[in-house]
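A.B. asks:
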Amino acid sequence: MVSIAFTGGGTGGHIYPGLAVISRLKPLLPVRVFWIGSNAGMDRGIVESAGIEFFGIPSGKLRRYASLQNIGDIVKVGLGFLAARRILKREKPALLFSKGGFVSVPPCAAAASLGIPVFTHESDVSPGLATRINSRFAQRIFVPYQKSAAFFSGKAKGKVCVSGNPVRPDFSSADPVKGRAFLGLADSERMLLVLGGSLGSQEINALVWGSLADLTRHYTVVHQTGDAAIVPAEAANAERYKAFPRFGAEIPHIVAAAELVLCRSGAGTIWECGNLRKPMVHIPLRGSGTRGDQVENARLFESAGASVCFTETSSNKLAELINSLADDPEKRKRMAEAEITIPHAADTIADEIVRAVAQSTTILKETT
């Protein structure tokens, strides 16, 4: 049986798309899959809950600015490379697929040092630092948009495939009836879904709590707050407001039940909502602590007519925007019908992996 290694992590956005590819790959190939991720954080829990074998390695953050922490993280990256190389040498995968994040760089470098083919995928409009490094080792570079291909030049340009972003398979069978049942909503009840990402968003929480009286004029507000958030008593006791620290397997059905989604513009979230044809209001993560990828994602969806990008700091202005969309079914319809996401991205990538593995296996047979 062929083995294939996957790597990536740090956030769910670097893991769930990889799991989507695995779900499409297994019916195509008798394959053993394992994952190399960070030995700290959420990586192991998400991967093992999907039934995938997990190997943890040390991981250091890749920063674009001077910091004393860079010294310790350089050591961690080196240790991660050695650990990943030992794992890959022992497990002998036919190919390594990287979903990005800083933890993916040592395994990609280690795979290249062992002659193991590397495929890598970028979810955002522009490639992050990890993808730019991994592309040096990769035989195939998958990107979500045609615009993304322009960021690569030279030899890398010929390796690029515009695949779209893989979406968890559960979203293809999302059922709004199940979402309403989970939330206890009536069939006629209009719902605004607020998503702050896997860790929640203090900015979005504050904006929503500050405008709750206006938002609930039209909607029942279903709000994913994050585990650390403390819901103010006034909000907790408000009618037509339901707060949840996080969602689990029910999230596809909840998104399907929403009339409008207010969210960050991480690639995973916006593609999952986009595939379900949900009009969105994006509040991108921005500022000096980011590289601006969420702003780029939000602006691209906005230019396609699929969303509105909100970067104000006023709860009143947010309420005005949400209520204007609530009062305009034609605009919501146009947003839902906007063509921006590419369907079947996981299938495209899985097919490419199968072809590469078949080719490498044939070559191996011919040389032995």
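Residues in the sequence shown are numbered from 856 upward in steps of one, following this note's numbering.
From the three backbone atoms N, C-alpha and C, an ideal C-beta is built for every residue, glycine too.
On a predicted model such as this, the values are computed, not experimentally measured, just so you know.
On the DSSP letters alone, give me the boundaries of the beta strand (DSSP E) that R995 sits inside.
C.D. replies: Segment R995 to V998, the beta strand (DSSP E) holding R995.
A.B. asks: If we count Cβ pairs, one from each stretch, closer than 8 angstroms, do we get three or more for the region 1008-1018 versus the region 1169-1181?
C.D. replies: no
A.B. asks: Taking only the alpha-carbon atoms, compute the straight-line gap between A1061 and A1205 and give it to the nearest angstrom.
C.D. replies: Near 41 angstroms, if we compare the C-alpha coordinates of A1205 and A1061.
A.B. asks: What is the DSSP secondary structure of H1108, counted as helix, strand or coil?
C.D. replies: helix
A.B. asks: State the Cα-Cα distance for the pair L1173 and W1064, rounded to the nearest angstrom.
C.D. replies: 11 angstroms
A.B. asks: From I1218 to G1144, what does the alpha carbon distance come to, in whole angstroms?
C.D. replies: Only weak support exists for where I1218 lies, its pLDDT of 46 falling under 50; the value from the coordinates is given anyway. Going from the Cα of I1218 to the Cα of G1144 covers about 46 angstroms.
A.B. asks: T1071 by DSSP, collapsed to three states: which one?
C.D. replies: In the structure shown, T1071 sits in coil (DSSP, three-state: anything other than H, G, I, E or B).
A.B. asks: Output the distance between the C-alpha atoms of V932 and G956, rounded to the nearest integer angstrom.
C.D. replies: Computed Cα separation, rounded: 13 angstroms.
A.B. asks: Touching or not, the region 1011-1030 and the region 987-997, by the rule of three or more beta carbon pairs under 8 angstroms?
C.D. replies: Put simply, the region 1011-1030 touches the region 987-997. At least three CB pairs are less than 8 angstroms apart.
A.B. asks: Is it a yes or a no for the region 858-875 touching the region 888-907, going by three-plus beta-carbon pairs under 8 angstroms?
C.D. replies: yes
A.B. asks: Check whether the Cβ atoms of D898 and G935 lie closer than 7 angstroms to each other.
C.D. replies: For D898 and G935, no; Cβs fall outside 7 angstroms.
A.B. asks: So who's on the other strand from T862, going by DSSP bridges?
C.D. replies: I891 and S953
A.B. asks: Thinking C-alpha only, which one of E1114, I942, V960 and I907 is nearest S878?
C.D. replies: When E1114, I942, V960 and I907 are compared, the shortest CA-CA separation from S878 is found for I907.
A.B. asks: Taking only the alpha-carbon atoms, compute the straight-line gap between P982 and A1091 and give it to the nearest angstrom.
C.D. replies: 40 angstroms
A.B. asks: Relative to the C-alpha of A1193, which candidate in P1134, E1207, P1100 and T1080 has its C-alpha closest?
C.D. replies: P1134
A.B. asks: Please report how far the alpha carbon of A1036 lies from the alpha carbon of V857, in whole angstroms.
C.D. replies: In a straight line, the C-alpha of A1036 is about 42 angstroms away from that of V857.
A.B. asks: Can you tell me whether DSSP reads V1015 as helix, strand or coil?
C.D. replies: The three-state secondary structure of V1015, taken from DSSP, is strand.
A.B. asks: Which of the three DSSP states is assigned to T986 in this structure?
C.D. replies: helix
A.B. asks: Quick one: what does DSSP say S1162 is sitting in, helix, strand or coil?
C.D. replies: In the structure shown, the three-state DSSP call for S1162 is strand.
A.B. asks: Pop quiz: V1015 and V1032 are said to be a contact at Cβ under 8 angstroms. What is the actual Cβ separation, rounded to whole angstroms?
C.D. replies: With 8 angstroms as the limit, V1015 and V1032 do not qualify as a contact, their Cβ atoms being about 40 angstroms apart.
A.B. asks: Taking only the alpha-carbon atoms, compute the straight-line gap between S1147 and R1141 and give it to the nearest angstrom.
C.D. replies: Reading off the sequence, residue 1147 comes out as Gly, not Ser. Near 6 angstroms, if we compare the C-alpha coordinates of R1141 and G1147.
A.B. asks: Could you give the DSSP three-state label for F1006: helix, strand or coil?
C.D. replies: coil
A.B. asks: Which residue's Cα is closest to the Cα of G1081: F1099, F1006 and R945?
C.D. replies: Of the residues F1099, F1006 and R945, the one whose Cα lies closest to the Cα of G1081 is F1099.
A.B. asks: Can you grab the Cα-Cα spacing for the pair Y1096 / G1052, in whole Å?
C.D. replies: 19 angstroms
A.B. asks: Judging by CA-CA distance, which residue of S1003, F1007, I929 and A860 is the nearest neighbour of A1122?
C.D. replies: S1003
A.B. asks: So, under 8 angstroms CB-CB, L1176 and F1165 are touching, yes? Tell me the CB distance rounded to an integer number of Å.
C.D. replies: 6 angstroms
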